[in-house]
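**Q** For what it's worth, our numbering labels the leading residue of the sequence shown as 1, then goes sequentially. The beta carbon of each residue, even a glycine, is placed where N, CA and C say it ideally should be. Since we're looking at a predicted model, the values are computed, not measured. One structure coming up, written as structure tokens, with questions to follow.
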Amino acid sequence: MNTVALSIGHSPRDGGAVMADGSQSEYQYWLEHAPKIKRILEQQYGISAVIVNRLVNGGGTTPGHAAAACNATDAILAVDLHFNSFEPASNGTETLCWYNSARGETAARHLQRAICECLGTRDRGIIYVCPDKRTEAIIASSGVRADSSRAVSYFQKTRMAAIMIEPCFGGSNPGECRLLQDRADALCAAIAQGIAGAVKAIAA
Ligand SMILES: [Zn+2]
1 MNTVALSIGH
11 SPRDGGAVMA
21 DGSQSEYQYW
31 LEHAPKIKRI
41 LEQQYGISAV
51 IVNRLVNGGG
61 TTPGHAAAAC
71 NATDAILAVD
81 LHFNSFEPAS
91 NGTETLCWYN
101 SARGETAARH
111 LQRAICECLG
121 TRDRGIIYVC
131 PDKRTEAIIA
141 SSGVRADSSR
151 AVSYFQKTRM
161 AAIMIEPCFG
171 GSNPGECRLL
181 QDRADALCAA
191 IAQGIAGAVK
201 AIAA
């Protein structure tokens, strides 16, 4: 049976962004909802899921600790769970993967599509995380989104295909905050469906 690591973003010590209505941090939201993703993966798709956290299982609060937590499992795919925050009008879905990981990119595409279809959010696309500014410039010159400032050590250190999901701007956009709350169950089902598609593709 294939195993995936569901990595709850941030930690009990630093919860990440807080939802626009002040109710939950990224950590609290995914601590509550990740078990639903795990249950659906196991019951509907026959995929084993291990829930981890960077501080609890990786020994620290950096993205590199999230990688350590995932590497301690035998997962073939690591999914780091977040939501975005910027300005009230910021909106849409984006998924991050390592710039030269074909399996990470495949997984990111599956999750990006499943989440956009579920939430009806704007497709902001895949972000290719790069190790440095020079690589970022090269990747961006082909017309895709590239970033060398977000979670580099998570992608650098994970030994399996790895992605980071940002389903919407629940931390700053009141409408997308409501989406995260009202559609939480549907979102978990969509994430499980996207993971199942990704696992099928990368395990082949
Ligand atoms: Zn986050």
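(1) Closest to residue 73 by C-alpha separation, out of 159, 166, 182, would be which residue?
(2) So, at 6 Å on beta carbons, what are the nonlocal neighbours of residue 17 in its own chain, with the 5 sequence-adjacent residues on each side left out?
(3) In the DSSP output, what is residue 164 paired with across the bridge?
(4) Under the criterion of a Cβ to heavy atom distance below 8 Å, does residue 26 qualify as lining ligand 1?
(5) Pair every Cβ in the region 127-144 with every Cβ in the region 92-107, then say whether three or more of these pairs are closer than 8 Å.
(6) What residue ranges within the region 39-87 form continuous beta strand (DSSP E) runs of no fewer than 3 residues, ordered along the chain?
(7) Counting C-beta neighbours from all protein chains within 10 Å, is the total for residue 164 16 or more, i.e. buried, or is it exposed?
(8) Could you check whether the Cβ of residue 86 sits closer than 8 Å to any heavy atom belonging to ligand 1?
(9) So for residue 144, helix, strand or coil by DSSP?
(10) Indicate, with yes or no, if ligand 1 has a heavy atom lying under 8 Å from the CB of residue 33.
(11) Measuring straight from C-alpha to C-alpha, what distance separates residue 9 and residue 53?
(12) Mapping DSSP to helix, strand and coil, what is residue 123?
(13) Check for me: the alpha helix (DSSP H) holding residue 101 runs from which residue to which?
(14) Skipping 5 residues on each side, what residues in its chain have a beta carbon closer than 8 Å to that of residue 126?
(15) Spell out the partners DSSP gives residue 6 in its beta bridges.
(16) Since residue 45 and residue 162 should fall inside the 8 Å C-beta cutoff, what is the C-beta to C-beta distance between them, to a whole number of angstroms?
(17) From residue 75 to residue 21, what does the alpha carbon distance come to, in whole angstroms?
**A** Looking at the coordinates:
(1) Nearest Cα to residue 73 within the set 159, 166, 182: 159.
(2) Cβ neighbours of residue 17 beyond the five flanking positions: 26, 85, 171.
(3) Under DSSP, the beta-bridge partners assigned to residue 164 are 80, 96.
(4) Residue 26 Cβ: within cutoff of ligand 1.
(5) Judged by Cβ distances under 8 Å, the region 127-144 makes contact with the region 92-107, as three or more pairs qualify.
(6) Qualifying beta strand (DSSP E) stretches, in chain order: 48-53, 77-81.
(7) Under this definition residue 164 is a buried residue.
(8) No, the Cβ of residue 86 stays beyond 8 Å of every heavy atom of ligand 1.
(9) Three-state DSSP puts residue 144 in coil, outside helix and strand.
(10) No, the Cβ of residue 33 stays beyond 8 Å of every heavy atom of ligand 1.
(11) Pairing residue 9 with residue 53, the inter-Cα distance amounts to about 7 Å.
(12) Residue 123: strand per DSSP, three-state reduction.
(13) Counted as a single uninterrupted DSSP element, the stretch harbouring residue 101 is not any alpha helix (DSSP H), since DSSP gives it neither H nor E.
(14) Non-local C-beta neighbours of residue 126 in its own chain, meaning closer than 8 Å and more than five positions away in sequence, comprise 94, 95, 96, 97, 105, 108, 109, 112, 144, 145, ordered along the chain.
(15) Beta-bridge partners of residue 6 (DSSP): 51, 79.
(16) Not confirmed; about 19 Å, so no contact.
(17) Cα to Cα, residue 75 sits roughly 34 Å from residue 21.
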